[in-house]
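Notes for the one structure printed next.
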């Protein structure tokens with residue numbers, strides 16, 4: 279999920295405590311700030327701190343003037359093979375290819391367990407928003423491959439797109455069954471996304487503010503983040519330090535798609551509003567059923583109808599040209 | 246769009262409008278923004294208009310005591326959601342961490358400094374009380390308008406020849422609908438919550454709807470600004486609500502306070518007529534501006550805009566206002582030079598107002614020695 283979804287969910291968790299709502303109405307913003315901040319905190323820790331401190335064993339920096347997919351494929355294969363031969367994990371960093379202030383040469387890395395090979399293919403030139411740059415078409419080649427000496431187990435998706443800002447990291451870990459596990463961005467959703475480690479900030483906040491409610495809200499916001507992420511593909515290491523690997527997600531949603539993010543934010547806002555509404559010293563006009571119909575069902579129906587109409591529209595020629603490599 | 250060309254040093258902060266401008270498609274960018282505004286106006290009149298009297302008074306009664314923490318939450322999210330743009334290459338460690346945090350640190354500094362400026366202007370303003378109504382104007386000019394013009398002048402940037410017609414295929418139903426949805430949500434939120442501007446609302450909605458493509462972004466900006474300004478103004482007329490948001494509403498309220506349902510429908514009709522006139526004017530005015538830019542030269546127009554702003558600030562707020570604008574410019578240049586979000590400069594209103602809404606503004610001002 280995107281940051282705003284986690285933030286909104288954290289605030290929604292805080293609003294579920296009537297005392298937090300009463301304190302909020304009396305001018306104390308603490309509980310809602312704690313909910314929002316700790317709702318987004320696990321990703322903040324991973325993407326703004328831990329990522330930059332993690333060491334890697336190999337780094338692939340493609341030449342922006344003449345990016346060589348063969349070299350990239352061989353480097354990935356070397357990381358897998360070295361992990362198997364040396365019997366220890368190898369951390370591999372793939373860098374992005376920046377061409378200009380707002381232009382990036384994208385490429386795709388595919389780990390193919392069936393063919394025991396790595397394939398790399400140059401994609402279109404994209405801007406920082408990830409959109410293909412007009413007039414700059416991607417390569418039409420099938421890509422180049424490099425052989426693997428052992429079987430590989432893919433943890434996330436077989437194909438990884440490398441395009442903007444910071445490139446991904448893989449940890450190639452040798453397994454007992456002589457395969458190598460390719461772990462995608464191993465620094466993410468590790469210790470920061472664990473129910474066990476979530477207890478630490480909850481206890482700390484409870485102690486600092488001498489307030490059990492603050493601790494409960496912090497833990498609730500962190501737990502909401504972890505549970506929401508578990509709906510996706512990558513999963514989290516739910517009980518670190520007692521478990522060593524991330525538990526695979528439920529694969530229900532893609533974290534960067536608009537519909538699940540909008541739905542999460544919308545639902546969080548509805549929960550917040552309802553919680554404020556029922557504690558407010560006013561005579562309620564609406565019951566929860568009316569609220570659910572007017573606040574959730576009707577907007578959801580309108581949204582789905584709109585999406586259906588949009589999906590029926592034929593793609594414009596210029597769009598298909600730009601995105602097809 | 247037309248007066249904010251990026252220079253070569255611009256890091257990752259080339260906005261879609263600037264991209265279009267540098268591709269000779271500034272006109273298209275303006276039309277996309279206008280399409281967002283027009284679609285949002287339709288939504289405002291057809292959906293928001295009839296629903297507002299039924300929904301907004303109850304919503305306001307519920308949310309009013311909680312506005313302060315909403316503003317705090319917006320501040321927290323704004324600061325936490327900025328993405329590190331450097332620190333791509335090299336081995337992990339403190340050096341890479343410092344490199345990555347340079348732009349984030351400058352963004353936080355810009356927020357803090359602009360917040361400090363906001364406190365000074367609110368509690369011990371150097372601007373004469375005669376111009377108190379325009380107390381924040383010099384700061385806004387310095388923080389947001391002057392830095393772009395200075396960069397234009399310093400970098401000697403020139404824009405390519407601009408097309409006079411919309412790029413074929415740029416106006417798609419999908420981008421208009423997506424952008425309008427995001428922009429209307431963001432603008433509506435910003436119009437309702439004090440101190441949150443249309444830009445911040447647009448940013449929040451852009452995150453919530455995972456908006457990525459440039460066309461939808463431009464449409465959403467137009468929609469967000471329209472709902473923020475027009476919708477905010479119309480809140481003054483909503484029966485049972487009658488709240489004042491924005492300079493226009495405050496000016497009107499000093500001469501006329503609407504209290505009848507008829508006023509609301511008149512205001513909606515006026516918005517429809519005004520919107521239609523504005524729509525008709527956009528195309529010829531954009532073409533005229535492009536012609537002026539090409540005839541006079543981009544640098545000369547930037548100089549003229551800078552001079553006009555200085556004259557306006559001096560005329561309205563005097564030398565003290567010019568000094569405030571100069572301080573604001575110094576702060577406003579920070580995010581441009583270090584590639585962080587310019588929105589952080591909104592600390593000038595967000596921080597003092599959030600503190601005041603929580604009832605601690607006076608204590609903070611006293612602690613800063615301003616009282």
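Protein chains in written order, with my numbering: chain A, 279 to 603; chain B, 246 to 616. Backbone N, C-alpha and C define an ideal beta-carbon position, used for all residues, glycine too.
Got a sec? Which residues, its chain only, sit under 8 Å from residue i by beta carbon, not counting five neighbours each side?
i: residue 598 of chain A; result: Because the pLDDT of residue 598 of chain A is 39, which lies under 50, any placement of that residue in the model is unreliable, and the number read from its coordinates should be weighed accordingly. Here the set comprises nothing.
i: residue 429 of chain A; result: 391, 394, 456, 457, 458
i: residue 325 of chain A; result: 466
i: residue 345 of chain A; result: 375, 383, 385, 400
My guess is that residue i and residue j are in contact by the Cβ rule of under 8 Å, so how many angstroms apart are they, rounded?
i: residue 535 of chain B; j: residue 247 of chain B; result: 7 Å
i: residue 552 of chain B; j: residue 364 of chain B; result: With a Cβ gap of about 30 Å, residue 552 of chain B and residue 364 of chain B do not count as contacting.
i: residue 553 of chain A; j: residue 293 of chain A; result: 4 Å
i: residue 546 of chain B; j: residue 537 of chain B; result: 7 Å
i: residue 588 of chain B; j: residue 444 of chain B; result: 6 Å
i: residue 464 of chain A; j: residue 447 of chain A; result: 6 Å
Taking DSSP as the reference, what is the three-state secondary structure of residue i?
i: residue 337 of chain A; result: strand
i: residue 364 of chain A; result: helix
i: residue 423 of chain A; result: strand
i: residue 375 of chain A; result: strand
i: residue 257 of chain B; result: Reliability fails at residue 257 of chain B, whose pLDDT of 46 lies under 50, so the model's placement of it is uncertain and the value that follows must be treated cautiously. DSSP places residue 257 of chain B in coil when its eight states are reduced to three.
i: residue 506 of chain B; result: helix
i: residue 397 of chain A; result: strand
i: residue 384 of chain A; result: strand
i: residue 300 of chain B; result: helix
i: residue 558 of chain A; result: coil
i: residue 470 of chain B; result: helix
i: residue 524 of chain A; result: coil
i: residue 509 of chain A; result: coil
i: residue 435 of chain A; result: coil
i: residue 459 of chain B; result: helix
i: residue 533 of chain A; result: coil
i: residue 601 of chain A; result: The pLDDT assigned to residue 601 of chain A is 35, lower than 50, so where the model puts this residue is not dependable; a value taken from the coordinates is nonetheless given after this. If DSSP states are grouped into helix, strand and coil, residue 601 of chain A belongs with the helices.
i: residue 601 of chain B; result: helix
i: residue 370 of chain A; result: strand
i: residue 252 of chain B; result: In this prediction, residue 252 of chain B has a pLDDT of 49, which is less than 50 and means its spatial position is unreliable; what the coordinates show is noted afterwards. Here residue 252 of chain B sits in coil by DSSP.
i: residue 326 of chain B; result: coil
i: residue 299 of chain A; result: helix
i: residue 356 of chain A; result: helix
For residue i, collect the residues of the same chain with a Cβ closer than 7 Å to its Cβ; drop the 5 residues on either side in sequence, then sort them by chain order.
i: residue 297 of chain B; result: 483
i: residue 388 of chain B; result: 359, 573, 576, 577, 590, 593
i: residue 321 of chain A; result: 281, 284
i: residue 508 of chain A; result: 514, 527, 528
i: residue 355 of chain A; result: 396, 424, 425, 426
i: residue 216 of chain B; result: Outside the displayed range of chain B (246 to 616) lies residue 216 of chain B, so it cannot be described from this structure.
i: residue 429 of chain B; result: 285, 288, 468, 472
i: residue 445 of chain A; result: 371, 372, 373, 374
i: residue 550 of chain B; result: 248, 394
i: residue 450 of chain A; result: 357, 358, 361, 367, 368, 370, 458, 460
i: residue 613 of chain B; result: 364
i: residue 365 of chain A; result: 452
With a threshold of 7 Å, establish whether the CB of residue i neighbours any heavy atom of the ligand SAH.
i: residue 431 of chain A; result: You won't find the ligand SAH in this model; it holds no ligand whatsoever.
Excluding the 5 residues flanking residue i on each side, which residues of the same chain have their C-beta closer than 6 Å to its C-beta?
i: residue 569 of chain B; result: 383, 384
i: residue 475 of chain B; result: 516
i: residue 254 of chain B; result: Residue confidence for residue 254 of chain B is low, a pLDDT of 46 falling below 50, so the modelled location carries little weight; the figure read from the coordinates is stated next. Excluding residues within five positions, none has a Cβ falling inside 6 Å.
i: residue 440 of chain B; result: 316, 594, 595, 598
i: residue 275 of chain B; result: 246, 531
i: residue 495 of chain A; result: 292, 309, 312, 313
Which of the residues in the region 470-481 of chain A, read from start to end, lie with their CB under 9 Å from any CB of chain B?
With the criterion set as a beta carbon lying under 9 Å from some beta carbon of chain B, the region 470-481 of chain A has no members that meet it.
Would you mind listing the beta strand (DSSP E) stretches within the region 376-457 of chain B that are 3+ residues and don't spill past its ends, in chain order?
Counting only unbroken stretches of 3 or more residues, no beta strand (DSSP E) element lies wholly within the region 376-457 of chain B.
Inside the region 337-379 of chain B only - alpha helix (DSSP H) runs reaching at least 4 residues
Whole alpha helix (DSSP H) segments, 4+ residues: 339-368.
Could you run through the region 281-311 of chain A and flag, in chain order, every residue whose CB is less than 7 Å away from some CB of chain B?
Per Cβ criterion, the list reads 281, 282, 285, 289, 302, 303, 305, 307, 310, 311.
Residues in the region 416-443 of chain B having any Cβ partner in chain A nearer than 7 Å:
If the cut-off is 7 Å between Cβ atoms, the region 416-443 of chain B has 417, 418, 419, 422 near chain A.
Taking beta-carbon pairs under 9 Å, can you tell me which members of the region 393-411 of chain B lie near chain A?
Residues passing the 9 Å Cβ filter: none.
What ranges does the beta strand (DSSP E) occupy inside the region 494-570 of chain B, keeping only unbroken runs of at least 3 residues that lie completely in it?
If we require 3 residues or more, the region 494-570 of chain B turns out to have no beta strand (DSSP E) run fully inside it.
Which residues, in order along the region 467-496 of chain B, keep a beta-carbon less than 9 Å from a beta-carbon of chain A?
So nothing in the stretch comes that close.
Given a limit of 7 Å on CB to CB distance, which residues of the region 582-609 of chain B reach chain A?
Listed by position along the chain: 603, 604.
Can you check the region 425-507 of chain A for any alpha helix (DSSP H) of at least 4 residues that lies completely inside it and give the ranges in chain order?
477-486, all fully within the region 425-507 of chain A.
So if I threshold CB-CB distances at 8 Å, which residues from the region 568-579 of chain A count as touching chain B?
Those would be none; no residue qualifies.
Cβ-based contacts, 8 Å cut-off: residues of the region 325-339 of chain A near chain B
Result list: 325, 326, 327, 329, 330, 331, 332, 333, 334, 337, 339.
For the region 313-324 of chain A, which residues have a beta carbon sitting closer than 7 Å to at least one beta carbon of chain B?
Look at the region 313-324 of chain A: the residues with a C-beta under 7 Å from a C-beta of chain B are 314, 315, 318, 322.
Could you list the residues in the region 481-515 of chain A with a C-beta less than 7 Å from some C-beta on chain B, going in chain order?
Listed by position, the residues of the region 481-515 of chain A near chain B (Cβ gap below 7 Å) amount to none.
Can you list, in chain order, the residues of the region 300-324 of chain B whose Cβ is nearer than 7 Å to any Cβ on chain A?
Result list: 303, 306, 307, 308, 310, 311, 313, 314, 317, 318, 321, 322.
Return the residues of the region 365-389 of chain A that lie within a Cβ-Cβ distance of less than 7 Å from chain B, sorted by chain order.
Listed by position, the residues of the region 365-389 of chain A near chain B (Cβ gap below 7 Å) are 373, 374, 379, 380.
Within 9 Å of chain A by C-beta, residues of the region 347-374 of chain B in sequence order:
Within the region 347-374 of chain B, the residues whose Cβ lies closer than 9 Å to some Cβ of chain A are 349, listed in chain order.
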